[in-house]
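K.L.:
Below is the structure:
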């Protein structure tokens with residue numbers, strides 16, 4: 001057994017050991033804290049450096065912001081007013097040089113005006129125009145706008161390039177698709193560039209660019225598609241083809257395809273009260289293209305005769321052989337931006353263009369749901385056109401008079417307009433619900449896929465309203481061809497139900513337009529989508545033969 005003093009020493013040693021052990025633990029914890037501090041400090045320094053780099057990058061991105069204007073010069077031709085006008089002693093080269101300077105200035109002014117509306121007035125404007133200069137010079141020469149030299153348009157281009165350090169008109173070469181290749185490369189380069197705040201894309205005449213624009217659909221605020229009713233920069237570029245019918249572009253757009261003597265701003269519609277013989281005569285369709293062999297002795301009315309020097313197809317084919325990129329079908333101005341609204345047309349009048357061709361009021365396209373609902377209604381019972389669209393029916397027709405919602409009524413009107421009027425643009429009949437000009441956005445005649453029964457002239461006419469003319473006064477029609485206020489049964493409204501599709505008037509029932517079934521009205525040709533609505537599943541991608549079903553007589 002230990003003595004007392006030994007126990008005291010052992011207790012003291014144990015206390016010292018415990019004290020030393022606790023101190024060691026404290027030191028270990030302190031060392032761990034120092035290491036954590038060192039690591040956190042390192043992370044902090046790295047984060048601070050990254051933040052500084054980000055600030056520098058952000059400042060760099062905000063430095064020298066600009067917008068890009070990409071132009072396919074093969075499809076978007078400058079307005080002839082900007083080519084320069086003949087002066088005393090001025091040569092063609094001098095006029096073109098003056099026009100190039102004016103074109104660059106006007107284009108920059110128009111873009112800057114658009115930027116002010118977007119809140120981007122602090123941005124510089126960079127313009128890139130790519131074209132086949134040799135092919136463009138040839139087309140302009142045939143239109144009488146430049147000389148006959150191979151590159152007669154060069155003085156205009158050189159002056160355009162000198163006018164601004166950021167404006168370039170580049171010759172892409174004579175091979176096909178050269179301009180397209182350059183535009184696609186620049187679009188991909190600048191679409192994700194932070195300093196490029198906006199892109200004006202002027203190549204909407206060519207559907208080949210759709211695949212390049214589709215990936216940026218979610219960032220549509222960075223893009224303005226010129227020439228598609230999205231943005232107009234008036235006065236710089238022509239709005240219709242050289243010496244030919246108008247392409248599918250908004251009128252007076254800065255960027256458009258080209259027309260003879262197209263004014264820089266549309267003429268204000270006037271009221272034409274003339275009811276002379278000329279307004280009652282049928283317009284000569286051949287004279288519009290300069291092909292009427294009877295000339296002044298022709299019994300039909302000659303209005304808006306085309307310049308026979310250069311048909312639009314000749315120019316388009318020549319340019320397509322060099323660097324085409326342009327559409328192969330004629331296009332008219334956008335219906336949504338050019339055609340009049342119903343409320344704008346005075347009572348007792350109809351709208352006509354500069355060629356005295358009848359223009360239909362614009363109809364807002366119905367929704368796919370309304371189209372399907374209308375189809376379902378028609379499959380159950382045919383709908384009376386006269387009652388719903390004209391407001392007149394004797395109630396004994398046997399067709400559907402039940403109420404239609406506004407959407408269904410608009411869908412019914414669009415469907416009626418898909419059938420061509422037999423008088424075409426010469427029609428002056430009140431409340432004619434047949435189609436005179438095409439309003440289908442995806443029409444195959446404009447490069448789309450929708451089947452369309454309307455004739456060529458319904459797609460190539462100028463859609464700008466020139467005047468309003470009075471309608472023809474005629475007897476009111478009842479059923480079976482009888483008339484009220486007249487003795488004759490021979491009238492356009494008294495069409496037989498055996499008429500072929502697309503040749504009838506607007507007075508028959510939907511589901512049997514002039515005796516035609518709905519299968520005929522929305523029939524498709526293989527590969528085309530049924531017009532006017534794409535989501536009609538049973539008609540998509542198949543060929544439905546047109547069938548005529550007797551509906552018991554037309555009014």
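In full-length UniProt numbering, the protein residues as written are 1 to 555.
Cβ coordinates follow ideal geometry from the N, Cα and C atoms, glycine included.
The structure presented is a predicted model; accordingly, all values stated were derived computationally and were not measured.
Count the other CB atoms within 10 Å of the CB of residue 371; is the residue buried (16 or more) or exposed (fewer)?
P.N.:
Looking at its Cβ environment, which holds 16 or more other Cβ atoms inside 10 Å, residue 371 is buried.
K.L.:
Just to confirm my understanding: we take residue 393, look at its own chain, exclude 5 residues before and 5 after, and list those with CB closer than 6 angstroms. What are they?
P.N.:
Cβ neighbours of residue 393 beyond the five flanking positions: 384, 386 and 387.
K.L.:
Taking the alpha-carbon of residue 441 as reference, which of 16, 451 and 433 has the nearest alpha-carbon?
P.N.:
If we check each option's Cα against that of residue 441, 451 comes out closest.
K.L.:
Looking at the secondary structure, which residues open and close the beta strand (DSSP E) in which residue 126 lies?
P.N.:
It spans 124–131 - the beta strand (DSSP E) in which residue 126 sits, taken as one unbroken run.
K.L.:
Look up residue 501 in the DSSP assignment and say whether it is helix, strand or coil.
P.N.:
Bear in mind that a pLDDT of 34 at residue 501, under 50, signals an unreliable position, so the model cannot answer this.
K.L.:
Looking at the unbroken alpha helix (DSSP H) that takes in residue 442, where does it start and where does it end?
P.N.:
Where residue 442 is concerned, there is no enclosing alpha helix (DSSP H), given that its DSSP letter is neither H nor E.
K.L.:
Can you tell me the Cα-Cα spacing of residue 173 and residue 206, whole angstroms?
P.N.:
One C-alpha to the other measures close to 18 angstroms.
K.L.:
Below 8 angstroms, can you find three or more Cβ-Cβ pairs linking the stretch 180–192 to the stretch 48–59?
P.N.:
They do not touch, by the three-pair rule.
K.L.:
Which parts of the stretch 101–125 are runs of the beta strand (DSSP E), unbroken and 3 residues or longer, counting only runs that do not cross its ends?
P.N.:
Within the stretch 101–125, no complete beta strand (DSSP E) run reaches 3 residues.
K.L.:
Would you tell me roughly how many angstroms separate the C-alpha atoms of residue 445 and residue 459, rounded to the nearest one?
P.N.:
Distance between the alpha carbons of residue 445 and residue 459: 7 angstroms.
K.L.:
Between residue 6 and residue 20, what straight-line distance do the alpha-carbon atoms span, to the nearest angstrom?
P.N.:
Rounded to whole angstroms, residue 6 to residue 20 spans 21 angstroms at the Cα level.
K.L.:
So is residue 433 buried or exposed if we call it buried at 16+ other beta carbons inside 10 Å?
P.N.:
Buried: at least 16 other Cβ atoms inside 10 Å.
K.L.:
Considering only residues of the same chain and omitting the five flanking positions on each side of residue 401, which have a CB-CB separation below 6 angstroms?
P.N.:
So the list reads 384 and 387, once near-sequence residues are dropped.
K.L.:
For the beta strand (DSSP E) that residue 70 lies in, which residues bound it at each end?
P.N.:
66–72 is the span of the beta strand (DSSP E), which, as asked, contains residue 70.
K.L.:
Just to check my reading of the structure: residue 68 and residue 128 have Cβ atoms closer than 8 angstroms, yes? What is that Cβ distance to the nearest angstrom?
P.N.:
Sure, about 7 angstroms apart at Cβ, within 8 angstroms.
K.L.:
Let me check understanding here. Comparing Cα to Cα, which of 423, 194 and 391 lies closest to residue 409?
P.N.:
Comparing Cα positions, the closest option is 391.
K.L.:
Which residues in the same chain as residue 179 place their Cβ atom closer than 8 angstroms to its Cβ, once the five residues preceding and following it in sequence are excluded?
P.N.:
For residue 179, where only same-chain residues beyond five positions count, the Cβ hits under 8 angstroms are 72, 73, 74, 130, 131, 132, 172, 323 and 325.
K.L.:
Distance check for residue 339 and residue 185, CA to CA, integer angstroms please.
P.N.:
Roughly 36 angstroms between the two C-alpha positions.
K.L.:
Verify whether the separation of the beta carbon atoms of residue 203 and residue 183 is less than 8 angstroms.
P.N.:
It is a contact, given that the beta carbons lie within the stated cut-off.
K.L.:
Taking 8 angstroms as the cut-off, does the stretch 207–226 touch the stretch 145–162 (at least 3 CB pairs, one atom from each stretch)?
P.N.:
With a cut-off of 8 angstroms, the stretch 207–226 and the stretch 145–162 do not count as touching, because too few Cβ pairs lie within range.
K.L.:
What would DSSP say about residue 135, mapped onto helix, strand or coil?
P.N.:
In this structure, residue 135 counts as helix in the three-state DSSP scheme.
K.L.:
To the nearest angstrom, how far is it from the Cα of residue 13 to the Cα of residue 3?
P.N.:
Taking the straight line from one Cα to the other gives about 16 angstroms.
K.L.:
Across which residues does DSSP place residue 429 in a beta bridge pair?
P.N.:
Answer by DSSP bridge pairing, in chain order: 472.
K.L.:
Rounded to whole angstroms, how far is the Cβ of residue 110 from the Cβ of residue 156, which I believe are closer than 8 angstroms?
P.N.:
About 18 angstroms separates the two Cβ atoms, so there is no contact after all.
K.L.:
State yes or no: is the C-beta of residue 435 within less than 8 angstroms of the C-beta of residue 422?
P.N.:
No.
K.L.:
According to DSSP, is residue 562 part of a helix, a strand, or is it coil?
P.N.:
The displayed coordinates of the chain run from 1 to 555. Any statement about residue 562 would go beyond what the structure contains.
K.L.:
Taking only the alpha-carbon atoms, compute the straight-line gap between residue 10 and residue 43 and give it to the nearest angstrom.
P.N.:
Approximately 50 angstroms between the Cα atoms of the pair.
K.L.:
Three-state secondary structure (DSSP) at residue 16?
P.N.:
Here residue 16 sits in helix by DSSP.
K.L.:
Expressed to the nearest angstrom, what Euclidean distance is found between the alpha-carbon atoms of residue 509 and residue 449?
P.N.:
In this prediction, residue 509 scores a pLDDT of 40, lower than 50, which makes its location untrustworthy; no coordinate-derived value is stated.
K.L.:
Three-state secondary structure (DSSP) at residue 366?
P.N.:
Coil.
K.L.:
Bridge partners for residue 224 per DSSP, in chain order?
P.N.:
BP columns for residue 224 point to 200.
K.L.:
Using DSSP bridges, identify the partner residues of residue 170.
P.N.:
Partner(s): 130.
K.L.:
Do residue 467 and residue 352 have their CB atoms nearer than 8 angstroms?
P.N.:
In this structure, residue 352 lies closer than 8 angstroms to residue 467 by Cβ.
K.L.:
Which residue's Cα is closest to the Cα of residue 95: 83, 103 and 342?
P.N.:
Considering only alpha carbons, the answer is 83.
K.L.:
On the DSSP letters alone, give me the boundaries of the beta strand (DSSP E) that residue 350 sits inside.
P.N.:
Counting along the chain, the beta strand (DSSP E) containing residue 350 begins and ends at 349–352.
K.L.:
What's the gap between the Cα of residue 38 and the Cα of residue 31?
P.N.:
Roughly 11 angstroms between the two C-alpha positions.
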